[in-house]
Amino acid sequence: MSPRNIEKDQKLRDERQRQILEAAMHVIARRGLPATKIADIASTAGISVGNVYKYFRSKDDIFKALVESGQQEYREFVEHALHLEGSSYDKLYWYTENWLSYRNGWAITVILQYARTSEAVPEHVTQAVSARFIDNLRPMAEMIAEGQAEGVIKNGGSLELALIYVSMMEGLILHNIPGIHEIAMLTPDKMLALLLK
């Protein structure tokens, strides 16, 4: 097989895995892990059950990959905000505005909360999710520390303030699930007022 075909096959495989994980995210977020069947995921992804098993050995493997990819997706999002040009307020504004309207934000939040709190999730997965959660607070803490140095953000531990702010955002995004828009009037400036001096 030529290198070009190997590369094409890998690209196709990666795309199929993303398709399965995207479907799994929405099914599991709405039904919960115990009530979700591989057939539900396959149907939502528009592929056969057998095709799902070509990429994942079990529903647990799908869930583990889902929480890892969800946390990686969030990390890339918050790192993007951290490295934007502008003041800390500009970066936090971008983060807030875009996270409240992030297409998969609600589903990622539901999945990660489930992974951290459910007894149905293996302990090693729960511990890994919690460790990545703390690590994923660091870019937000950096933005807050920048704002403190600029004199615009309240004093206090930047990691603690990051935890409070991110937790608030997680709670709010759950009121903005597709089809259940309960927070249409919230704006980034209203949210950021909680951090400002």
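Counted from 1, the sequence shown has number 95 at position 94 by this note's numbering; the numbering is strictly sequential.
Every residue gets a Cβ at the ideal spot worked out from N, C-alpha and C, and that includes glycine.
Here the structure is a predicted model, which means the values were calculated and not measured.
Starting from residue i, follow the alpha helix (DSSP H) in both directions and report where the run begins and ends.
i      : result
Val111 : Gly106 to Thr118
Gly51  : Val50 to Tyr56
Ser102 : That residue, Ser102, is in no alpha helix (DSSP H); it is neither H nor E in DSSP.
Thr45  : Ile39 to Ala46
Lys191 : Pro189 to Leu193
Quick one: what does DSSP say residue i is sitting in, helix, strand or coil?
i      : result
Leu13  : helix
Asn177 : strand
Ile154 : strand
Leu83  : helix
Leu138 : helix
Leu160 : helix
Leu22  : helix
Leu196 : coil
Gly201 : Residue 201 lies beyond the residue range present for the chain, which begins at 2 and ends at 198; the question has no answer from this structure.
Ala1   : Because the chain here runs from 2 to 198, residue 1 falls outside it and cannot be looked at.
Ser168 : helix
Ser89  : helix
Ser70  : helix
I'd like to know whether the C-beta atoms of residue i and residue j end up nearer to each other than 8 Å.
i      : j      : result
Glu147 : Ser59  : no
Gly71  : Leu113 : yes
Val122 : Ala129 : no
Ala132 : Leu160 : no
Leu93  : Leu187 : no
Lys191 : Val153 : no
Tyr96  : Val79  : yes
Ile21  : Tyr56  : yes
Val126 : Val53  : no
Thr37  : Ala24  : no
Trp100 : Met26  : no
By the 10 Å Cβ neighbour count, where 16 or more other Cβ atoms means buried, how is residue i classified, buried or exposed?
i      : result
Ile29  : buried
Gln149 : buried
Ala43  : buried
Leu196 : buried
Pro140 : buried
Lys65  : buried
Thr118 : exposed
Leu138 : buried
Leu162 : buried
Leu13  : exposed
8 Å is my cut-off, CB to CB: does residue i come that close to chain B?
i     : result
Ala43 : Among the chains in the structure shown there is no chain B, since it carries only a single protein chain.
Next item on the list: Assess, as a yes-or-no matter, whether the stretch 102–110 is touched by the stretch 165–176 under the definition of 3 or more beta carbon pairs within less than 8 Å.
Entry: yes
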